[in-house]
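Scroll down for the structure; my scribbles are underneath it.
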Amino acid sequence: MPGDLPHPERSEIQLTDVLFALSDPERLAIARQLADGPLDMAACHATDPNLPKSTKSHFMKVLREAGVIRNEPNGRRRMLTLRRDDLDALFPGLLDSVLRTP
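As numbered in the numbering used here, residues 34 to 135 make up the sequence shown, in order.
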């Protein structure tokens, strides 16, 4: 389907990739926003409003390729969701712990 982006299968998600993706404060802020539920990509923002669109896209790519988020077409827009079920199944308690860390 046009617009589909590759996402790792649950079995392909690696702890080191997840930790790397969440190690950046801006990417962590995005994951925290998604913890409350899905968001339209346009509504999801990094903590620095002056970030170029290309940087925001790169943040989404790192999170998606690590298996932290899903980025799927929704009409002419894109919907972002946190892959909580997959991450909790693979690494119980990790996501909650990382998202609560100040």
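Cβ atoms here follow ideal geometry from the backbone N, Cα and C, with glycine treated the same way. Just so it is clear, the structure is predicted and the values come from calculations on it, not from any experiment.
Following the continuous beta strand (DSSP E) through residue i, name the residue where it begins and the one where it ends.
i	result
R103	I102 to N107
L38	First-last for L38: undefined, no H or E at that position.
Comparing alpha-carbon positions, which option in the options lies nearest residue i?
i	options	result
L123	P82, Q47 and L72	Q47
Q66	I102, N107 and L120	I102
G100	P71, D118, N107 and R111	D118
F92	D37, V51 and S130	V51
T134	G108, L61 and P85	L61
Based on the DSSP secondary-structure assignment, which residues constitute the bridge partners of residue i?
i	result
D121	Bridge partners of D121: none, in fact.
Could you tell me the boundaries of the alpha helix (DSSP H) in which residue i lies?
i	result
M74	From DSSP, M74 is part of no alpha helix (DSSP H); its letter is neither H nor E.
A79	Segment: none, A79 is in no alpha helix (DSSP H) and carries neither H nor E.
D50	L48 to L55
Helix, strand or coil: which one does DSSP assign to residue i?
i	result
T114	strand
I1	Within the shown structure, residues of the chain are numbered from 34 to 135, placing residue 1 beyond reach of any answer.
P99	Residue identity check: residue 99 is Ala in the sequence provided, not Pro. Three-state result, A99: helix.
D69	coil
T88	helix
P135	coil
Between residue i and residue j, is the Cβ-Cβ spacing less than 8 Å?
i	j	result
L132	A64	yes
A75	K89	no
L127	L120	yes
R97	N104	yes
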